[in-house]
Structures are given as C-alpha cells and as structure tokens.
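Q:
2 protein chains.
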Amino acid sequence: MLAYEEEVSGYDIKKWADWSLRHYYWSPSFSQVYSELKRIENHGYAASRMAGGDGGRNRRVYKITDAGRRAVRIWALDAPVDPPMLKHGALMRTAFGHLSTPDTLKAMLREHVDRVEALQHRIAVDAVAAEAEPAWAYARIAMRWAERYYASERELALELIAEIDAADEVFNAGKRGESFPRPRPGHWREIEEQVKATEDDD
Amino acid sequence: MLAYEEEVSGYDIKKWADWSLRHYYWSPSFSQVYSELKRIENHGYAASRMAGGDGGRNRRVYKITDAGRRAVRIWALDAPVDPPMLKHGALMRTAFGHLSTPDTLKAMLREHVDRVEALQHRIAVDAVAAEAEPAWAYARIAMRWAERYYASERELALELIAEIDAADEVFNAGKRGESFPRPRPGHWREIEEQVKATEDDD
DNA sequence: CGTTGCATGTAAGGTGTTACATGATTAC
DNA sequence: GTAATCATGTAACACCTTACATGCAACG
Numbered sequence: 001m002l003a004y005e006e007e008v009s010g011y012d013i014k015k016w017a018d019w020s021l022r023h024y025y026w027s028p029s030f031s032q033v034y035s036e037l038k039r040i041e042n043h044g045y046a047a048s049r050m051a052g053g054d055g056g057r058n059r060r061v062y063k064i065t066d067a068g069r070r071a072v073r074i075w076a077l078d079a080p081v082d083p084p085m086l087k088h089g090a091l092m093r094t095a096f097g098h099l100s101t102p103d104t105l106k107a108m109l110r111e112h113v114d115r116v117e118a119l120q121h122r123i124a125v126d127a128v129a130a131e132a133e134p135a136w137a138y139a140r141i142a143m144r145w146a147e148r149y150y151a152s153e154r155e156l157a158l159e160l161i162a163e164i165d166a167a168d169e170v171f172n173a174g175k176r177g178e179s180f181p182r183p184r185p186g187h188w189r190e191i192e193e194q195v196k197a198t199e200d201d202d
Numbered sequence: 203m204l205a206y207e208e209e210v211s212g213y214d215i216k217k218w219a220d221w222s223l224r225h226y227y228w229s230p231s232f233s234q235v236y237s238e239l240k241r242i243e244n245h246g247y248a249a250s251r252m253a254g255g256d257g258g259r260n261r262r263v264y265k266i267t268d269a270g271r272r273a274v275r276i277w278a279l280d281a282p283v284d285p286p287m288l289k290h291g292a293l294m295r296t297a298f299g300h301l302s303t304p305d306t307l308k309a310m311l312r313e314h315v316d317r318v319e320a321l322q323h324r325i326a327v328d329a330v331a332a333e334a335e336p337a338w339a340y341a342r343i344a345m346r347w348a349e350r351y352y353a354s355e356r357e358l359a360l361e362l363i364a365e366i367d368a369a370d371e372v373f374n375a376g377k378r379g380e381s382f383p384r385p386r387p388g389h390w391r392e393i394e395e396q397v398k399a400t401e402d403d404d
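In order, the protein sequence lines correspond to chains A and B. Those letters in the first sequence? Residues 1 to 202, by our numbering. Those letters in the second sequence? Residues 203 to 404, by our numbering.
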C-alpha cells in the first residue's frame, strides 16, 4: 500500500483495507496495522514523520524508501503465490448438518445469503469510486472480481438450501436401515485406491 | 468429527479433513490435531484409550462423551456462524498489479487456474466415495458445493486474465497525463459521502 | 532391506485478535 | 455538549504452522 508513493498513516491503511482488500483478502485490526508499520520502519522499508504537529491531528505518516520499493518489487514479481484459502463457516455447518435440523440449516443459510447480498451491494457502490482514478485500475478489476464472486456465492448458497431436504432424507433412510456405514479406520486407503484407479494424469 | 460416534485417532481426523473439510474450510496440521484432542479430553468432551496394544499399532482413539454430545449440539444449533473468510493471494497480487507486469500477472493467474482445476478434479473423485454412504449425505452436498465453487473460481480467474491488458492501459494512460490522482488522506470521507448518497437502505 | 505410510508427540515461533487505554477534532 | 470519527498505541492471548524427534508396519 505504501508503494502507492503517498504518505499514509496507519489509520489510512486500515480504511483502505476496509474499502477493498477485505473483500478478497482480509482487513487487519488497527493494532496490527500499527505494529506492522513499526516493523516495516525498523526493516528500513519505510520512514515516518509526525504530520500536522500544530493545528492538525497527531498523525504519524509513513513513506516508502528505496529499500522498500526494491522489496515490494521482488514480492510482486517473484514471491510465490499462496493458494487461496477459504474458511466458510456456513458450509462447514452444513457439512455437519446431521447434528442440526433442516429448518435450522436453511435459516442459517438464508442469513448467509442476506449477508452476502449486503456485501455485494456494498462493493458495487465502493467500486464506483475506483472507476474515476486511473491509478486504481488494478484495484478496480479486483473489486469487480469480488462483485462477481459474491454473486456466485449467493447462487451457490441458494442451490445448497434447495438440496438440504433431499440430503436429510438420505441421511434418515440410512438410519432406518439396520446398517449405518460410518467412516472406518482404513477407509482412506480404499478411497486412495479408487482415486488412483480413476486418475491417469496428475 | 467425533460426533460421528466412531472411535477415531488423530491421524484419522487429519485424513478426514484432507479429504473433504479442506476444500471449504481448512485442514489442521497433525500437531494441532493432537493437541486439540488432548484439550477436548481435558474438557471432558471425549475419552481416549490405546487401541491395538499387542500386534496392532500404537493408536490412541477418542470417543465422544455425553458432555461432548451436548456441546456439539449447542454448537450446531445455536452458535453464531462467522462470515466466510477468503484469503485470495492471486487476486491480491492482481489488485497490486501496477507493481508487476501484465505478462507476469497473466502467467501467475494461469498457474492459479491450473491449481484450481487440479483441486476441482480431486474433489470430484473424492465426492464419489461419499455417494455410497447415507451417513455422509451432508458431507456430500458440501463437497458438491465445493466442486461448483472451484468451477466458478476458474471462470472468474479466466475473466480476470482477459481484463488485465485493459487495466494496464488505463493505468498507463493515467501516468502519461500530468495529473495522476492517488489515494489522498481524507478521500475516504468523500467515498463515504458518495456511498451515503447512493444508499437509502442498510 | 529400504521406502512409504501409519502414528504420536514437543518446542518454538509467526500471525492475528480482543480488550484496554488515551486523547483530539468534527458535526450536529 | 455530546456523539461520532480521527488517531495511536500496549498487553494478553488465541490460533495455527514448521521443524524436529521417534518408532513401528507394510509393501515390493
């Protein structure tokens, strides 16, 4: 973020993250922002000064250094990209749906859909602000990605809701029958064998 | 997982998580599995015993207790669901695309697409094993969700790749013009005002 | 008889949060 | 004047990973 060359404060960075980064990565807490900025400065990647000493607020603003520019270049060009990581609480709850009831599950997923819709609406509005600035061209396509991502998330959740009742019937049919197969130790090997039999590539 | 009523070891749980949970939530490291199981036992939610003492391997298997069943019921029915959290490294890299080059970006995203395709293929194969067991009816719909999620992730990434060049042109056009608007302190307020002007609900 | 998989754990450290503490400025 | 926002930080702790350490069993 400092690589935008602007002098920014910790507060600015947190707001920037809330505005766009949180929709596809994460938004740090204030306390982390402030401690990371200190760490960055100790590494020599940024230099800070107090801005607006008289009249203005007590803001500590950071500016990127040459070493910081070199480091961020290496990050952008050479650093390995971690695979995306998704922690989807609503879906995990669904995966353990047999501990709950179909109605509770569907209500939970409908709430999830509402939240996603709110986020989708929010980023659609925020993305408008990014349209005007050529400097934010890349931030803009990321935000448009997030908008489409929310749309897809919403559709997938709606499909899931429609599948709950059928899953519950299958589950209960299994319980009624006297044999109720459960995960057994060693069944992983069986699955692995099935997988290897199906796979020729990889 | 213990609520499936089967006696399971830490190793079993890790393999179970690798098989399905990791596609929509996360898979813990072995070391965390073992320490969490101890914690769960100390809380009285599970009881362990050594299995296969003579002849077999030294396995510590855990079984859920009544207190554990009560706790997991409360979790399944009443515990608030955290909003899904997505950490998408490839997309963050794209959002800071002006620090890289269009070609580097596109190659990075193509690699991302390859990885997603591999995961999609993998869960499609694994989900087959869940078809047979009525007890896994809910796990199955979660895995099918994940399959569709990967399909959507792939399409979204492909669209992103197609948008890179246009974004780069906009970015460079901004640099050529003498005015290159950057994020300014205080511009968040302006955005908030725009947002409030557009919003009537929320 | 050596590689892979099964199986369990400890120690150290990184990442990130919540709670707490403080105080100035702006808007209504 | 009081509520919201701007603004910065410390302390404690939760969560999770990597590196390390160990040993047995099964497969070819």
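Think of the CB as a built atom: it goes at the ideal place given N, C-alpha and C, for glycine as much as any other residue.
Buried or exposed, going by whether 16 or more other CB atoms sit within 10 Å of the CB of M50/A?
A: Exposed, by the Cβ-count rule.
Q: In terms of residue numbering, what span does the beta strand (DSSP E) encompassing L288/B cover?
A: Where L288/B is concerned, the enclosing beta strand (DSSP E) stretches over 287 to 289.
Q: Does the distance from the CB of M108/A to the CB of H23/A come in under 9 angstroms?
A: No, the pair does not count as a contact, with Cβ atoms beyond the cut-off.
Q: Closer than 9 angstroms, Cβ to any Cβ of chain A: which residues of the stretch 333 to 363 of chain B, in chain order?
A: Within the stretch 333 to 363 of chain B, the qualifying residues are A334, E335, P336, A337, W338, A339, Y340, A341, R342, I343, A344, M345, R346, W347, A348, R350, Y351, S354, E355, E357, L358, A359, E361, L362.
Q: Please go through the same chain and pick out, in chain order, the residues whose beta-carbon is closer than 8 angstroms to the beta-carbon of A341/B, but skip the five residues on each side of it.
A: Hits under 8 angstroms: S222, A332.
Q: Looking only at DSSP bridge pairs, what is M252/B linked to?
A: DSSP, once it has assigned bridges, lists R262/B as partnering M252/B.
Q: Using DSSP with H/G/I as helix, E/B as strand and the rest coil, what is V274/B?
A: Helix, per DSSP.
Q: Check for me: the alpha helix (DSSP H) holding V283/B runs from which residue to which?
A: No alpha helix (DSSP H) contains V283/B, which DSSP labels as neither H nor E.
Q: Looking at the structure shown, is S354/B part of a helix, part of a strand, or coil, going by DSSP?
A: Here S354/B sits in helix by DSSP.
Q: Have a look at Y4/A and N42/A and give me their C-alpha separation to the nearest angstrom.
A: Near 20 angstroms, if we compare the C-alpha coordinates of N42/A and Y4/A.
Q: Just to confirm, are R350/B and L86/A a CB contact at a threshold of 9 angstroms?
A: Taking 9 angstroms as the Cβ cut-off, R350/B and L86/A do not qualify as a contacting pair.
Q: Quick check on the DSSP output: the alpha helix (DSSP H) that includes T306/B runs from which residue to which?
A: From DSSP, the alpha helix (DSSP H) with T306/B extends over 304 to 333.
Q: Tell me which same chain residues have a C-beta within less than 8 angstroms of the C-beta of A124/A, skipping the five on either side of it?
A: Same-chain partners within the cutoff: E147.
Q: Considering L239/B, what are the terminal residues of the alpha helix (DSSP H) in which it resides?
A: From DSSP, the alpha helix (DSSP H) with L239/B extends over 232 to 244.
Q: Does the beta carbon of H245/B come closer than 9 angstroms to any beta carbon on chain A?
A: By this cut-off, H245/B is not an interface position.
Q: From V318/B to Y352/B, what distance separates their C-alpha atoms?
A: Taking the straight line from one Cα to the other gives about 6 angstroms.
Q: Could you spell out the range, first to last residue, of the alpha helix (DSSP H) harbouring W26/A?
A: Taken as a continuous stretch (DSSP letters only), W26/A belongs to no alpha helix (DSSP H), as it is neither H nor E.
Q: Is there a Cβ of chain B sitting closer than 9 angstroms to that of S48/A, yes or no?
A: Taking Cβ atoms only, chain B never reaches closer than 9 angstroms to S48/A, which makes this a no.
Q: Among the residues of its own chain, which have a CB less than 8 angstroms from the CB of D165/A, if the five just before and after it don't count?
A: Taken in chain order, the residues that qualify are P102.
Q: Given this structure, state the Cα-to-Cα distance separating S152/A from G89/A, to the nearest angstrom.
A: About 17 angstroms.
Q: Could you give the first and the last residue of the continuous alpha helix (DSSP H) run that contains W218/B?
A: Here the alpha helix (DSSP H) through W218/B covers 212 to 221.
Q: Could you name the residues of the same chain whose beta carbon sits closer than 6 angstroms to that of G10/A, not counting the 5 residues immediately before and after it, in chain order?
A: If we look at G10/A and ignore the five residues flanking it on each side, its Cβ neighbours are V33, Y34, L37.
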